[in-house]
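Enquirer: What follows is a structure written as structure tokens; I'll ask about it next.
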Amino acid sequence: MSDYVNSLMAQLKAKHPAQPEFHQAVEEVADSLSIVLDRHPEYRTSKILERLIEPERIIIFRVPWVDDQGEININIGYRIETNSAIGPYKGGLRFHPSVNLGILKFLAFEQVFKNSLTTLPMGGGKGGSDFDPKGKSDLKIMRFCQAFMSELFRHIGPNTDVPAGDIGVGGREIGYLFGQYKKLRNEFTGILTGKGLNWGGSLIRPEATGYGSVYFAAEMFETRNETFEGKTCLVSGSGNVAQYAVEKILELGGKVVTLSDSNGYIYDEEGFDSEKLKFIMDLKNIKRGRIIEYSEKYKNTVYTKIDSNQDFNPLWNHKADCAFPSATQNEINAKDAQNLLNNGVYVISEGANMPTTLDGVKLFLDNKILYGPAKAANAGGVAVSGLEMSQNSMRLPWSRQEVDDRLRNIMKNIHKTCLDTADRFGTPGNYVNGANIGGFLKVADAMLDQGVV
Ligand code: GLU
Numbered sequence: 029m030s031d032y033v034n035s036l037m038a039q040l041k042a043k044h045p046a047q048p049e050f051h052q053a054v055e056e057v058a059d060s061l062s063i064v065l066d067r068h069p070e071y072r073t074s075k076i077l078e079r080l081i082e083p084e085r086i087i088i089f090r091v092p093w094v095d096d097q098g099e100i101n102i103n104i105g106y107r108i109e110t111n112s113a114i115g116p117y118k119g120g121l122r123f124h125p126s127v128n129l130g131i132l133k134f135l136a137f138e139q140v141f142k143n144s145l146t147t148l149p150m151g152g153g154k155g156g157s158d159f160d161p162k163g164k165s166d167l168k169i170m171r172f173c174q175a176f177m178s179e180l181f182r183h184i185g186p187n188t189d190v191p192a193g194d195i196g197v198g199g200r201e202i203g204y205l206f207g208q209y210k211k212l213r214n215e216f217t218g219i220l221t222g223k224g225l226n227w228g229g230s231l232i233r234p235e236a237t238g239y240g241s242v243y244f245a246a247e248m249f250e251t252r253n254e255t256f257e258g259k260t261c262l263v264s265g266s267g268n269v270a271q272y273a274v275e276k277i278l279e280l281g282g283k284v285v286t287l288s289d290s291n292g293y294i295y296d297e298e299g300f301d302s303e304k305l306k307f308i309m310d311l312k313n314i315k316r317g318r319i320i321e322y323s324e325k326y327k328n329t330v331y332t333k334i335d336s337n338q339d340f341n342p343l344w345n346h347k348a349d350c351a352f353p354s355a356t357q358n359e360i361n362a363k364d365a366q367n368l369l370n371n372g373v374y375v376i377s378e379g380a381n382m383p384t385t386l387d388g389v390k391l392f393l394d395n396k397i398l399y400g401p402a403k404a405a406n407a408g409g410v411a412v413s414g415l416e417m418s419q420n421s422m423r424l425p426w427s428r429q430e431v432d433d434r435l436r437n438i439m440k441n442i443h444k445t446c447l448d449t450a451d452r453f454g455t456p457g458n459y460v461n462g463a464n465i466g467g468f469l470k471v472a473d474a475m476l477d478q479g480v481v
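In short: position in the sequence shown from 1, add 28, done, that's this note's numbering.
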């Protein structure tokens, strides 16, 4: 690490202690940017990175709600508005018991660079709550979403801040949140993305993150004149990112042998097919069940419980060519990264946000595999959110083909930006530097143009 990065990190940790995920996200970006700041001292004197690190605004609020037994519950709600230099704040809402300020600050920080890479005019933000939707009735979910929006509505708007889904927030939650916003404001505008198709949503939005991560991997394969045909893939998670990654991998001729949830993972040596995938989608999206039920239906499958005391995740310890971490942050540590390399994995496309620890990333880079970091590889989701905003502004829906073609093209461009930028700054093939620098430059130049605000 350069002296500059060292002192930046020391200051950050002293000012905002106990936010390890945020420190991790900043350190990775700052490391990539050292060379840019050397070549462009104007970014350093204007303190662009120092300003980017402090969110423009943080909103924290109480979410009191009464459940169906009449019990009063109190959760914490957040919206982190990190940067609006190139467009309204944009980024998802996460409902999960692990949610805290540091996690949302890391997510909002990452979002700034990711959104910039899409080429669409979107700033970066993130929000959510420590509310746990797992196993809760629709009525409880609705009451919580209404209580959450009863405060959030005063801070967002189609030209100010446009939230969307993330872990624990899907179509159902977006519907309840939108309904409450509309009631409070008495206006029908595109204040959220991921909406239902019959009330302003975009085709391909549910598929976009998963499809995008596979399109990105296809681009990486192409640099070696290869395709997905006959490749074996490990996918973690079983939410919408993982589900649609599997769908697209199968369509492109690959084989997928794993999926997981927070309790455990399934290994199906034969690989999933469209019938098995439909079972998983119904299980997760309609029945809202657990992945263990797959192994009860398909007997040749091995189900392994995730043991939180184990220092590695056995899901990453199978022979394969590609890995699509699509569950959550830091799900691949250095030991997992080494296991992946030992098992022959040479293509990694991150569907989740920051799923690999810093020492894991270093191993991937040192081994010169095709490693697509989250900011680039999972930008397809927010990109189609951007396209949903365009359609809402025009009040005109696009066809499935039109949106998918645009998504494919955006992922192609992001891939090219990463490679060209990595080349230009002397680290060919390093997608991490390419994504961090590529995302930074557009935002940094906009901040320079707009003065110290
Ligand atoms: N939560 C997604 C992400 O991490 C999507 C955000 C959005 O569509 O605004 O990029």
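Note that CB positions come from ideal geometry on N, CA and C, so glycine has one too.
Distance, Cα to Cα, Lys333 vs Glu49?
Expert: So the alpha carbons of these two residues sit roughly 25 Å apart.
Enquirer: Does the beta-carbon of Lys118, which I'm using as the reference point, lie nearer than 6 Å to any heavy atom of the ligand GLU?
Expert: True, at least one ligand heavy atom lies under 6 Å from that Cβ.
Enquirer: Which stretch, first to last residue, makes up the beta strand (DSSP E) that contains Val375?
Expert: Residues Val375 to Ser377.
Enquirer: With distance defined between alpha-carbon atoms, name the residue in Gln208, Gly193, Thr255 and Leu262 nearest to Glu235.
Expert: Cα-wise, what sits closest to Glu235 is Gly193.
Enquirer: Check the DSSP bridge columns for Asp194 and list the partner residues they point to.
Expert: Bridge partners of Asp194: Val197.
Enquirer: Per the DSSP calculation, Tyr399 is bridged to which residue(s)?
Expert: Its beta-bridge partners are Ile376.
Enquirer: Helix or strand or just coil, what does DSSP make of Val361?
Expert: Before going further, note that residue 361 is Asn rather than Val in the sequence given. Correct three-state label for Asn361: coil.
Enquirer: Just to check, is the beta-carbon of Val410 closer than 6 Å to a non-hydrogen atom of the ligand GLU?
Expert: Val410 Cβ: within cutoff of the ligand GLU.
Enquirer: Quick check on the DSSP output: what are the complete beta strand (DSSP E) runs of length 3 or more inside the stretch 177-242, in order along the chain?
Expert: Within the stretch 177-242, the complete beta strand (DSSP E) runs of at least 3 residues are 189-192.
Enquirer: Do Gly155 and Gly115 have their C-beta atoms closer together than 7 Å?
Expert: For Gly155 and Gly115, no; Cβs fall outside 7 Å.
Enquirer: Please report the distance separating the alpha-carbon of Ala113 from that of Glu303.
Expert: Cα-Cα distance, rounded: 45 Å.
Enquirer: Compute the Euclidean distance between the alpha carbons of Arg434 and Val94, then round it to the nearest angstrom.
Expert: Whole-angstrom Cα-Cα distance: 43 Å.
Enquirer: Which same chain residues end up closer than 6 Å to Ile63 when comparing Cβ atoms and leaving out the 5 residues on each side of it in sequence?
Expert: Phe453, listed in sequence order.
Enquirer: Residue range of the beta strand (DSSP E) that Pro425 falls in?
Expert: Element bounds for Pro425: n/a, residue is neither H nor E.
Enquirer: With DSSP collapsed to three states, give me the class of Glu49.
Expert: Three-state DSSP puts Glu49 in a helix.
Enquirer: Tell me whether Leu280 sits in a helix, a strand or coil according to DSSP, three-state version.
Expert: Reduced to three states, the DSSP call for Leu280 is coil.
Enquirer: Should Leu424 be labelled buried (16 or more other beta-carbon atoms within 10 Å of its own) or exposed?
Expert: Exposed.
Enquirer: Can you tell me where the beta strand (DSSP E) holding Tyr106 begins and where it ends?
Expert: It spans Ile100 to Asn111 - the beta strand (DSSP E) in which Tyr106 sits, taken as one unbroken run.
Enquirer: Going by Cα to Cα distance, which pick from Ser266, Lys142, Met177 and Tyr374 is closest to Met439?
Expert: For Met439, the nearest C-alpha among the options comes from Lys142.
Enquirer: Comparing the CB of Ala192 with every heavy atom of the ligand GLU, is any distance shorter than 6 Å?
Expert: At least one heavy atom of the ligand GLU is nearer than 6 Å to the Cβ of Ala192, so yes.
Enquirer: Pick from Gly98, Arg182, Phe172 and Ala46: whose alpha carbon is nearest that of Ile87?
Expert: The option with the nearest alpha carbon to Ile87 is Arg182.
Enquirer: By the three-class DSSP mapping on this structure, what secondary structure does Gly299 have?
Expert: Three-state result, Gly299: coil.
Enquirer: Does the stretch 216-228 come close enough to the stretch 242-251 to have 3 or more Cβ pairs within less than 8 Å?
Expert: With a cut-off of 8 Å, the stretch 242-251 and the stretch 216-228 do not count as touching, because too few Cβ pairs lie within range.
Enquirer: Could you tell me the distance, in whole angstroms, from the CA atom of Asn103 to the CA atom of Gly400?
Expert: Asn103 and Gly400: Cα-Cα distance of roughly 35 Å.
Enquirer: Here's the rule I'm using: 16 or more other beta-carbon atoms within 10 Å means buried, otherwise exposed. How should Pro83 be labelled?
Expert: The residue is buried, with at least 16 neighbouring Cβ atoms inside 10 Å.
Enquirer: Going along the chain, which residues of its own chain have a beta-carbon closer than 8 Å to the beta-carbon of Ser427, five neighbours each way excluded?
Expert: Within the same chain, Ser427 has close Cβ partners Leu231.
Enquirer: Taking just the CA atoms, how far does Lys315 sit from Gly163?
Expert: Each residue's alpha carbon lies about 10 Å from the other.
Enquirer: Which same chain residues, not among the five before or five after Val460, have their C-beta less than 8 Å away from its C-beta?
Expert: Around Val460: Glu56, Ser60, Val389, Leu393, Tyr399 and Pro401.
Enquirer: According to the Cβ coordinates, are Cys446 and Cys350 closer than 7 Å?
Expert: No. Outside cutoff.
Enquirer: With a Cβ-Cβ cutoff of 7 Å, do Ala355 and Leu391 count as a contact?
Expert: No, these two residues do not count as a Cβ contact at 7 Å.
Enquirer: Anyone know if the C-beta pair for Tyr272 and Gly238 falls short of 7 Å?
Expert: Yes, these two residues count as a Cβ contact at 7 Å.
Enquirer: Have a look at Leu278, Phe123 and Asn313 and flag the residue whose alpha-carbon is nearest the alpha-carbon of Glu298.
Expert: Comparing Cα positions, the closest option is Leu278.
Enquirer: Quick check: does the Cβ of Thr570 come within less than 6 Å of any heavy atom belonging to the ligand GLU?
Expert: Missing from the structure shown is residue 570; the chain here goes from 29 to 481 and no further.
Enquirer: Would you tell me roughly how many angstroms separate the C-alpha atoms of Val480 and Gln139, rounded to the nearest one?
Expert: Cα to Cα, the separation comes out at about 21 Å.
Enquirer: Mapping the DSSP letters down to three states, classify Thr260 as helix, strand or coil.
Expert: It is a strand residue.
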